[in-house]
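Read in order, the letters of the sequence shown are residues -2 to 345 in my numbering. We put the CB at the ideal spot given by N, CA and C, even for glycine.
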Amino acid sequence: MAIRNKKKQIQDSGGMKQFKKGANQGKKRRSIPPIQNMERNVRQYIVGQDEVVRKIITAIYRAIYLKSIKSNILVIGKSGTGKTETLKQIAKRLRIPYTIEDATKYTKEGYYGGDVEDMLENLLEAADYDLEKAQRGMLIIDEIDKKAGKDTSDVSGVEVLKSLLKIIEGAKYYLSFDEVFDTKNLIIVFCGAFSGIEDIKKKRLGRGQIGFTTLHESDKKQNGYTKEDLVQYGLPEEFVGRIDTIVEMKPLEKEDLVQILKKSRLSIFRRYQKELRDAGISLQYNGKIFEEIAARSLKLDTGARELSNTVNYMFEDVIYNVMAHPGRYSKCTLSLEIVEDNTKYKLS
Ligand SMILES: Nc1ncnc2c1ncn2[C@@H]1O[C@H](COP(=O)(O)OP(=O)(O)O)[C@@H](O)[C@H]1O
Ligand SMILES: [Mg+2]
């Protein structure tokens, strides 16, 4: 098994001497960008999620600065809405190590999957085996909804969630090479699509209207998801009780996809444009092309993810011809039809 082998490798390759324990001691702590700069920066990449981005950044800064307040975050959102990317962008700017763990790979005892210790070891690896750094890193646990068992057919799922409680509470872990990993300053972010949770919310709001509810006023007013919704969905109560911030990514609409293509620093279209420009070719196109790309990408329910596939397809033939004739062309004119048929362009 890969994980076990990796552990073995670590032990074999000199064990303790790899650890830069205390390497940062005595050094000044690297400065963290002011929160408003962080927000402004992340927004250059993540489009259409301004409110959520601010909430996530606030929760993470709270975890860093307000040490006495633990900050466990849950990000709910459909595929391709920017959950992972937002967290990556923030971690990159904070210069903290992070790891993205797929909850479905883990089992309670780790007999046939990984266990919580494996997650921490992965984070340690991401921190170049600097324990101090790893302990202040970000642990992103994805697909957490897949471990929520309403129909209890996946009893082990709920058990995994319960085994994660220790991490959430900030316990110390003994790793396989006699290192103690203290999770008290770890930033933990759970992510999941939670498909079907809208119905739970709708039901709750319906109940609220006819007055058969025991919810607090503040819960009723909240238009996001409540802890009760998550329990209804099948997350154990003691797990939900330890989530401090619940945020919900907005489903991306056509106009959001258009804006991602036009403005985001992650825009694949802009990257092609830049590559061509670097090759001395200026790209000509009708501004409506973004809507065509967005509309085609929207056919699949994978949010902004599909934009890359669409744009890669569009430029396939163009790139081939540019590479086949270096220096020959200075202009590439895209027709709107190129979105459906990638031979619809002119090089001159
Ligand atoms: N809101 C967004 N703004 C800009 N790009 C986005 C956005 N959401 C997704 N993307 C693009 O789609 C890719 C996949 O997004 P990701 O964050 O991994 O989705 P998920 O919500 O499934 O974790 C990203 O790498 C990014 O290029
Ligand atoms: Mg993701």
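For Leu280, the enclosing beta strand (DSSP E) has its first and last residue at 279 to 281.
In this structure, the straight-line span from the alpha carbon of Glu235 to that of Gly154 is close to 14 Å. A residue is listed when its beta-carbon falls short of 7 Å from at least one non-hydrogen atom of ligand 2; in chain order these are Lys80, Thr81, Asp139, Cys188.
In the three-state DSSP reduction, Val44 falls in the coil class, being neither helix nor strand. Only exposed fits Met320, as fewer than 16 other CB atoms lie within 10 angstroms of its CB. Contact between Gln281 and Lys341 fails: their C-beta atoms lie close to 13 Å from each other, not under 8 Å. Lys181 carries a coil assignment under DSSP once its states are collapsed to helix, strand and coil.
Beyond the five residues adjoining it in sequence on each side, Gly77 comes within less than 6 Å, by CB distance, of Thr299, Gly300, Ala301, Arg302 in the same chain, given in chain order. DSSP places Asp99 within a strand segment (E or B) once states are collapsed to three. Rounded to whole angstroms, the Cβ separation of Thr83 and Gln46 is 7 Å, and the two are in contact under 8 Å. With a threshold of 16 other beta carbon atoms within 10 Å, Pro94 meets it and is buried.
Less than 8 Å separates the beta-carbon of Ser294 from that of Leu254.
The beta-carbon distance between Pro248 and Lys75, rounded to whole angstroms, is 5 Å. This is short enough to meet the 8 Å contact definition. Judged by DSSP secondary structure, Glu245 falls within the beta strand (DSSP E) whose first and last residues are 242 to 245. Taking 7 Å as the cut-off, one finds no heavy atom of ligand 1 near enough to the beta carbon of Val39. Rounded to whole angstroms, the Cβ separation of Gln86 and Ile43 is 7 Å, and the two are in contact under 8 Å.
For Phe266, the secondary structure class from DSSP, reduced to helix, strand or coil, is helix. The closest CA to that of Gly238, considering only Glu225, Lys199, Met246, is found on Glu225. In the three-state reduction of the DSSP assignment, Lys144 falls in the helix class. Judged by their CB atoms, Leu162 and Glu118 are not nearer to each other than the 8 Å cut-off. Counting every other CB atom within 10 Å of its CB across the protein chains shown gives Ser264 a total of 16 or more, marking it as buried. C-alpha of Ser192 to C-alpha of Ser345: approximately 48 Å in a straight line. With a cut-off of 8 Å on Cβ pairs, the region 134 to 141 is in contact with the region 174 to 193, counting three or more such pairs. Taking a C-beta distance under 8 Å as the contact criterion, Asp241 and Ser68 qualify as a contact pair.
For Lys224, the uninterrupted alpha helix (DSSP H) run begins and ends at 224 to 230, by DSSP.
Secondary structure note for Ile138: its beta strand (DSSP E) is the uninterrupted segment 135 to 139. The nearest non-hydrogen atom of ligand 1 is less than 7 Å from the C-beta of Gln46.
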